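Colleague: Before I ask anything, here is the structure I am working with.
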Amino acid sequence: MPTFDCRDRRRSIRATVRIALLVIVSGGLVGCSARHTADLLEARLRHQEDELRRLQGRLEQKEAELAEARRETELLRSRLQASNSSLQSDQIALLAQVERLKINALLTGGIDRDGQPGDEALSVFLAPQDHQGDALKVPGTLRLTLYDLGQAGRETIGTWTFSPDQMRERWHRGVLGVGYQFELSWQEPPRSDELVLHAELILPDHRRFQATAPIR
34 MPTFDCRDRR RSIRATVRIA LLVIVSGGLV GCSARHTADL LEARLRHQED ELRRLQGRLE
94 QKEAELAEAR RETELLRSRL QASNSSLQSD QIALLAQVER LKINALLTGG IDRDGQPGDE
154 ALSVFLAPQD HQGDALKVPG TLRLTLYDLG QAGRETIGTW TFSPDQMRER WHRGVLGVGY
214 QFELSWQEPP RSDELVLHAE LILPDHRRFQ ATAPIR
């Protein structure tokens, strides 16, 4: 019969202990890895849920703003139809889109008619615009005021008013801009270069839009 000495017995015990340790450590690593993966998945799920709630909140806010804009548009149309029976439905729709009045700085400035030093007139180019910056051809009354800030005392050197019919005749569509174009002779020649133009557009629904720009 084979015999084992003490040395062989110790080797066998050591091998058994090593195997047992490997099994224990391996099991522990698998358990830690599984828990870590589960924690990551839970964290991602919570993040996605938070993001979904945030997006849902923004969507509800935008829907509420859109509904309010629609209510305001319908109210504006009702008022326009009641007070201006002569307006067409397409004009009423355009009026509801007006959000600002914009002076085109590139096309607004002094006009030199005689080739001599100094300008003899003023060119003005402006347009009512919607929220995207597109020009809108809408009926309204326009008031223009020119100031010479370099004059002591009386600064106003010109005022002009245009009716809806006069505005309609001055609509212009060109390469550099779309809007209303005016050529205005000086009512009083400016005495300095510090000129400022102020424009006010009064729509049939009584809304007023204003714009101001320096004259170069």
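For the sequence shown, my numbering assigns the number 34 to the initial residue and increments by one for each residue that follows. We put the CB at the ideal spot given by N, CA and C, even for glycine. Quantities reported herein were computed from a predicted structural model and do not represent experimental measurements.
I need the DSSP call for K135, collapsed to helix, strand or coil.
Modeller: If DSSP states are grouped into helix, strand and coil, K135 belongs with the strands.
Colleague: Would you list the one or two residues that DSSP bridges to V229?
Modeller: Answer is Y180, P247.
Colleague: Three-state secondary structure (DSSP) at H205?
Modeller: Strand, per DSSP.
Colleague: Secondary structure at Q149, three-state DSSP: helix, strand or coil?
Modeller: Correct three-state label for Q149: coil.
Colleague: Would D181 be called buried (16 or more neighbouring beta carbons within 10 Å of its own) or exposed?
Modeller: Its Cβ being crowded by 16 or more others within 10 Å, D181 is buried.
Colleague: Taking the alpha-carbon of L179 as reference, which of K170, T189, R241, L78 has the nearest alpha-carbon?
Modeller: It is T189 whose Cα lies nearest to the Cα of L179.
Colleague: For the beta strand (DSSP E) holding S218, just list the boundary residues, first then last.
Modeller: Start and end: 211-218.
Colleague: Do L236 and V157 count as a contact pair if the criterion is CB distance below 8 Å?
Modeller: Taking 8 Å as the Cβ cut-off, V157 and L236 do not qualify as a contacting pair.
Colleague: On the DSSP bridge assignment, give the partners of R241 in chain order.
Modeller: Answer is I235, bridged to R241.
Colleague: Given this structure, state the Cα-to-Cα distance separating M200 from D226, to the nearest angstrom.
Modeller: Roughly 28 Å between the two C-alpha positions.
Colleague: Based on the DSSP output, what are the partners of L159 in its beta bridges?
Modeller: The partner list for L159 (beta bridge, DSSP) reads I136, Y213.
Colleague: For G143, write down the residues that DSSP places opposite it in a beta bridge.
Modeller: Looking at the DSSP assignment, G143 forms a beta bridge with L155.
Colleague: Going straight from the alpha carbon of A100 to that of H239, what length do you get?
Modeller: Taking the straight line joining both Cα atoms gives about 23 Å.
Colleague: Smallest Cα separation from P247: which of A160, G142, R206?
Modeller: Comparing Cα-Cα distances from P247 to each of A160, G142, R206, the minimum goes to G142.
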